[in-house]
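Going letter by letter, the sequence shown gives residues 32 to 328 in the numbering used here.
Cβ coordinates follow ideal geometry from the N, Cα and C atoms, glycine included.
In this text, all values refer to a predicted model and were calculated from it rather than measured experimentally.
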Amino acid sequence: MRISRGLTTCAALAIAATLTQTTWAQSVYEGFSLTFPLYNTGSGLSGAWQVGGFNAFAAGYTAGERSLAFNGLQTSPGRVSAGAFNAINGAIRTLTTTLGANGTTRYVSVLLRPQGTLNAGIFDGFFGITVSGSLGNELFIGKPGAGAEEEYVIENRGGAGQMPSGVPVVVGATALLVVKMEFQAGNDLFTLYTNPMPGAPEPASGVVKSDLDLGTVPRIGIYSTGAFDVDEIRIGATYASVTPAAPFAGAPGAANCHGKSVSALAQTYGGLPAAASALGFSSVGALQNAIAAFCGN
Ligand SMILES: [Ca+2]
Ligand SMILES: [Ca+2]
């Protein structure tokens, strides 16, 4: 199925929505549960996804049933997929609450999974998400179309001011990208953390970009020419709110926590290897480590 242009009901919703600047902790979540045909899933978002983005006149995105997964990140079913395109594709979504007030900090996180052939598609097959500001400026988070084009980066949409992560883009491997956005008068401060562990504290350092002023931020976008999947977009006031680990079945601290968690996973997924795969762990051992960290014993 495709994200289509200009659904009348959604246009009405967008007009009805009142966008106000508030200081309460914003929470945006889009896990892409399938709700054909409106695409108005998630929370903290207004209206539906629709075609849009700089020089993007198509949104050839399809919905998939299985969620992307990354090291036990909390997820919900569904994802969005794209092939390699010969023109820029994009979809945009309005935030219920505009971001960007000076002195505020917000975090955004997203899962990306490269597909097909890396760099295939016009402009070397870029893909990612955009955070769109009121000054005509946008932050791009993802795999770029130039420069360090086989690493995850943050950059101005279009490629200026690129800050590479040093983390390679690997076809078939899901990546978790988290960006701290510190909004201030003039240029804002963006810090990229690549593949942090869900549920863990904020890393001590990341890749910093400080040459972009978004102004206020009324919307986000999906933006691509390369083949990929995108899922689990979150925006929140704290790092923890955008990197939640899904809880296991056991009670943390209880003597039977580990055993209870393991048996529940085995039952749900038909064995621990299948559970590790479904939850996005690289191995059963990595899953066992996460259970141990959760249980605390
Ligand atoms: Ca999902
Ligand atoms: Ca600013």
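Does chain C have any CB closer than 7 Å to the CB of glycine 178? Among the chains of the structure shown, chain C does not appear; only one protein chain is present.
Apart from the five residues on each side of it in sequence, which residues of its chain come closer than 6 Å, Cβ to Cβ, to leucine 149? Contacts found: Val202.
Reducing DSSP to helix, strand and coil, say where alanine 282 ends up. coil
Quick check: the Cα distance between leucine 296 and valine 209, rounded to an integer number of angstroms? 27 Å
Taking 7 Å as the cut-off, decide whether the C-beta atoms of tyrosine 224 and glycine 237 are in contact. It is a contact, given that the beta carbons lie within the stated cut-off.
Relative to the C-alpha of threonine 125, which candidate in Ala94, Val315 and Ser74 has its C-alpha closest? Ser74
Excluding the five sequence neighbours on either side, which residues of its own chain have a C-beta within less than 6 Å of the C-beta of glutamate 169, listed in chain order? Thr161, Ser163 and Arg188
Aspartate 242 burial status per 10 Å Cβ neighbour count (16 or more: buried): exposed
From tryptophan 80 to isoleucine 123, what distance separates their C-alpha atoms? 6 Å
Under 7 Å, do serine 107 and glycine 62 count as touching if we go by C-beta distance? Yes, Cβ-Cβ distance for serine 107 and glycine 62 is below 7 Å.
Please report the distance separating the alpha-carbon of threonine 54 from that of leucine 130. Residue placement at threonine 54 is poorly supported in this model, since its pLDDT is 38, which falls under 50; the coordinates are not used for a value here.
Beta-carbon separation (whole angstroms), asparagine 117 vs proline 229, contact threshold 8 Å: No, asparagine 117 and proline 229 are not in contact; Cβ-Cβ is about 36 Å, not under 8 Å.
N-terminal and C-terminal residue of the beta strand (DSSP E) that serine 344 is part of: For residue 344 there is no data in the structure shown, the boundaries of the chain being 32 and 328.
Any heavy atom of ligand 1 within a distance shorter than 6 Å of the CB on threonine 106? Between ligand 1 and threonine 106, a heavy atom-to-CB distance of less than 6 Å is present.
Close Cβ partners of glycine 327 (< 6 Å) along its chain, the five nearest in sequence each way excluded: Within the same chain, Cβ atoms closer than 6 Å to the Cβ of glycine 327 are found at Pro283 and Gly284, the five residues on either side in sequence being excluded.
Determine the direct distance from the alpha carbon of glycine 316 to that of alanine 323, and round the result to whole angstroms. 10 Å
Where the beta strand (DSSP E) through alanine 321 begins and ends: Note, alanine 321: premise wrong, no beta strand (DSSP E); alpha helix (DSSP H) at 315-326.
Under the criterion of a Cβ to heavy atom distance below 6 Å, does glycine 109 qualify as lining ligand 1? yes
Could you tell me the distance, in whole angstroms, from the CA atom of tyrosine 183 to the CA atom of phenylalanine 171? Using only the alpha carbons, I get a separation of about 10 Å.
What do you reckon, are the CB atoms on glycine 109 and leucine 65 nearer than 7 Å? yes
Can you check DSSP and say which residues form a bridge with aspartate 260? Ser112 and Arg144
At what residues does the alpha helix (DSSP H) containing leucine 15 begin and finish? Beyond the ends of the chain as shown, which are 32 and 328, falls residue 15; an answer cannot be given.
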